[in-house]
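Some notes on the structure that comes next.
In the working numbering, the protein residues as written are 2 to 261.
Next up, the structure:
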């Protein structure tokens, strides 16, 4: 029996033009595609009409056991690959950044199935670039923290470590944090992150209706409560995590102030 091959493909944040060439080629070659809920229609259109498309999306609040769902995804990948099919597991963002890609790789390797992982642009990286928000910069920040909304559940020791890095200039990129944002902000402030720390919320990164709302750790939750920010949203937090245009105006203003 000839085994198929599985390509675990990162679809990026949404804009089809941000898809890698290899990802595009694998989609064109696919016979079976298991896809997430946050894949844009423009990317789905690359899949041949002859391919079998299987929706396996996981969404917050869908009341389904995520472990059970993931086990079913693993089973489907193994099953189709053992039938000799060219399979694509199409995941939003990057498969290995909060994408559970490694779990699927392990499941396939256990059955000696050929598997490759094709990176995608993670939403946090895309948001920083598209909104001109520097998350690393010489002399200011030489590291970045990537966390999820579960940051609010961290131990005190873990939170204090995060606070120490943030106070030193390290920005925090928060995924899946809209629901717990107020709790996360309160926890960070409680362990010493300044309440005036800038926060930028970026909604529907790379889509035509992308939106950015900025505030501080102290104000962002209240600000968002008064808006209708669409999901998914990414949060970039840190003393230097502001759009370049804002930082430039501050630098100019400080320069004028210093000259007086």
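Ideal Cβ positions, reconstructed from N, Cα and C, are used throughout, including at glycine.
Checklist line | Top-ranked residue by Cα proximity to residue 58, from 38, 47, 66, 97 | finding: 38
Notebook entry, point to check: Should residue 175 and residue 163 be called a contact, given that it needs their Cβ atoms to be closer than 8 Å?
Noted result: no
Checklist line | Opening and closing residue of the alpha helix (DSSP H) in which residue 111 lies | finding: 102-111
Notebook entry, point to check: What does a CB cutoff of less than 7 Å around residue 242 pick up in its chain, not counting 5 residues either side in sequence?
Noted result: 134, 136, 172, 199, 201
Margin query: Relative to the C-alpha of residue 90, which candidate in 99, 105, 98 has its C-alpha closest?
Written below: 105
Item checked: 6 Å CB neighbourhood of residue 256 in its chain, flanking five on each side removed -> Model confidence at residue 256 stands at a pLDDT of 47, short of 50, so the residue's coordinates are unreliable and nothing is read from them.
Notebook entry, point to check: Buried or exposed: where does residue 226 fall if 16 or more other Cβ atoms within 10 Å of its Cβ makes it buried?
Noted result: exposed
Notebook entry, point to check: Could you give the C-beta distance for residue 194 and residue 218, rounded to a whole number, given that I count them as a contact under 8 Å?
Noted result: 6 Å
Note to self: Assuming residue 74 is part of the alpha helix (DSSP H), what are its boundary residues?
What the structure shows: 67-83
Notebook entry, point to check: Is it buried or exposed for residue 64, if we count other Cβ within 10 angstroms and need 16 for buried?
Noted result: exposed
Notebook entry, point to check: Which residues in the same chain have their Cβ closer than 6 Å to the Cβ of residue 24, if we skip the five residues on either side of it in sequence?
Noted result: 10, 119
Next item on the list: Out of 208, 216, 239, 223, state which residue places its alpha-carbon closest to the alpha-carbon of residue 232.
Entry: 208
Margin query: Just to confirm the assignment, what range does the alpha helix (DSSP H) spanning residue 224 have?
Written below: 221-226
Check: Around the Cβ of residue 75, are there at least 16 other Cβ atoms within 10 angstroms (buried) or fewer (exposed)?
Finding: buried
Notebook entry, point to check: Taking the Cβ atom as the reference point for each residue, do residue 79 and residue 35 lie within a distance shorter than 8 Å?
Noted result: no
Next item on the list: Go ahead and pull the three-state DSSP assignment for residue 252.
Entry: Residue placement at residue 252 is poorly supported in this model, since its pLDDT is 46, which falls under 50; the coordinates are not used for a value here.
Checklist line | Selected residue, minimal CA-CA separation from residue 187, among 131, 124, 154 | finding: 154
Next item on the list: Please state whether DSSP places residue 234 in a helix, a strand or coil.
Entry: strand
Note to self: Using C-beta distances below 7 Å, list every residue in its chain close to residue 93, excluding the 5 sequence neighbours before and after it, in chain order.
What the structure shows: 12, 37, 39, 40
Item checked: Opposing strand residues paired with residue 87 [DSSP bridges] -> 6
Item checked: Coil, strand or helix - residue 133 by DSSP -> coil
Check: Which ranges does the beta strand (DSSP E) cover as unbroken runs of at least 3 residues, wholly within the stretch 115-202, from first to last along the chain?
Finding: 115-119, 146-149, 173-176
Note to self: Here's the rule I'm using: 16 or more other beta-carbon atoms within 10 Å means buried, otherwise exposed. How should residue 43 be labelled?
What the structure shows: exposed
Check: Would you call residue 266 buried or exposed, if buried means 16 or more other Cβ atoms sit within 10 Å of its Cβ?
Finding: Limits of the chain in this structure are 2 at one end and 261 at the other, which puts residue 266 out of reach.
Item checked: residue 49 versus residue 18: straight-line alpha-carbon distance, rounded -> 18 Å
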